[in-house]
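Q: Supplied in structure tokens, the structure appears directly below.
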Amino acid sequence: MKKKALIFGVTGQDGSYLAELLLKKNYEVHGMIRRSSTGNTKNIEHILDSIVVESGDLADTTSLYRIINNTKPNEIYNEADQDHAGWSYHTPDYSSDITGAAVGRILEIIRQTDKKIKFFQPLTSNMFGKTDICPQNEETPVRPQSPYACAKVYAWNLVRYYRDVHGLFASCGIFYNHESGRRTENYVTQKIVKAAILISLKKQKVLTLGDIDIPIDFGYAPEYVEAIWKILQLKKPDDFIIGTGETHTVREFMEIAFKERGLNANDYVRFDKRFFRPGKTSVLKADISKAKKIFNFSPKIKFNKLIKLLISEGLKKYQ
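Everything in the sequence shown is counted per this note's numbering, starting at 96 for the first residue and increasing by one.
See below:
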């Protein structure tokens, strides 16, 4: 029989790549979609006929119960949350509920309906926040610097509680920045890629950014999604750092992206303190030795190759 997977957040970057991957692996894929007045299925339009769409919302426990109880999945992947650290400063209540408390809702429903369901929860390197340890591993103490990161810490503790106390197969991936053309323009990488392309086409004049000198561990989303699936196929549930182990600044990203379009970034980029975040983190760099040892995680698309790929994907979108 086919394995059955349920993806919360199937319309997002990671959720849509995950749906594609699971379809290739012959899963029956169900994806929850919440109501949006503007429509939010752009990333899955090409596979809508191949998946089963479920209507619901992480804020609504009754819809979560109905979907899990009716679909009876073998695996649940929770790729839905308020995943923008900068936005969370303005929406701490919403971010805490959807990114943190909702994880408890899902796990409790699993506990009450079918404890054999395997569960995956993505986390963020932002949980480490202000740290003197670099690179970070799975044992590094957390000190979050945003409501988003605080909510992810809560989610992590909920997963470990349900794993330790109730015996659920619940695992986490602690993800560092991972990009693709499916990122929205709310993220600085896509903002830069779009500007570099449109300025080179004389359709935009300048790009305004905030702080661009903090080193970041940049990776490619489809590779990280492959790691998600491998984590749930292990014999025992566990938590893993997923990143590249390399850091580069947003300034480097910006300069290379503009150079790819034959431009000098300094001629077009302006800075505005309104885009600076109130909470700054230390250098967040992944120690992926555990993931490499346990399931041979070794990302192939790193910084320079990633930027070339994003520019290529951006040209298809913005030209």
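Every residue gets a Cβ at the ideal spot worked out from N, C-alpha and C, and that includes glycine.
Measuring CB to CB, does residue 238 end up less than 9 Å from residue 226?
A: yes
Q: Please state whether DSSP places residue 400 in a helix, a strand or coil.
A: Correct three-state label for residue 400: helix.
Q: Could you have a look at residue 129 and say whether DSSP puts it in helix, strand or coil?
A: It is coil, neither helix nor strand.
Q: Roughly how many angstroms separate the alpha carbons of residue 191 and residue 248, rounded to a whole number?
A: Approximately 10 Å between the Cα atoms of the pair.
Q: From residue 197 to residue 301, what does the alpha carbon distance come to, in whole angstroms?
A: 40 Å
Q: Report the rounded CA-to-CA distance for residue 272 versus residue 145, giving the unit in angstroms.
A: Residue 272 and residue 145 have their C-alpha atoms spaced approximately 29 Å apart.
Q: So, with DSSP's three-state summary, where would you put residue 99?
A: strand
Q: What do you reckon, are the CB atoms on residue 499 and residue 163 nearer than 9 Å?
A: This structure gives no information on residue 499, because the portion of the chain shown stretches from 96 to 414.
Q: Might you give, ordered along the chain, the residues of its own chain that have their beta carbon closer than 6 Å to the beta carbon of residue 156, omitting 5 neighbours on each side?
A: 200
Q: According to DSSP, simplified to helix, strand and coil, what is residue 414?
A: coil
Q: When burial is assigned at 16 or more other CB atoms within 10 Å of the CB, is residue 261 buried or exposed?
A: exposed
Q: Excluding five sequence neighbours on each side, which residues of the same chain lie with their C-beta closer than 8 Å to the C-beta of residue 384?
A: Closer than 8 Å at Cβ, skipping near neighbours: 232.
Q: Taking 9 Å as the cut-off, decide whether the C-beta atoms of residue 168 and residue 125 are in contact.
A: Pairing residue 168 with residue 125 gives a Cβ-Cβ distance under 9 Å.
Q: So, at 7 Å on beta carbons, what are the nonlocal neighbours of residue 132 in its own chain, with the 5 sequence-adjacent residues on each side left out?
A: Note that residue 132 has pLDDT 47, beneath the 50 cutoff, so the model's placement of it is unreliable and the number below is only indicative. Taken in chain order, the list of residues that qualify is empty.
Q: Identify every residue that forms a DSSP beta bridge with residue 172.
A: 102 and 215
Q: Apart from the five residues just before and just after residue 323, which ones in its own chain have a Cβ nearer than 7 Å to its Cβ?
A: 113, 172, 215 and 268, listed in sequence order.
Q: For residue 423, which three-state DSSP category applies?
A: Coverage of the chain is limited to positions 96 through 414, which leaves residue 423 absent and any answer about it impossible.
Q: Hey, quick one: how far does the alpha helix (DSSP H) through residue 188 stretch, first residue to last?
A: Run containing residue 188: 187-190, per the alpha helix (DSSP H) assignment.
Q: Give me, in chain order, the residues of the same chain whose beta-carbon lies closer than 6 Å to that of residue 317; leave out the 5 immediate sequence neighbours on both sides.
A: 112
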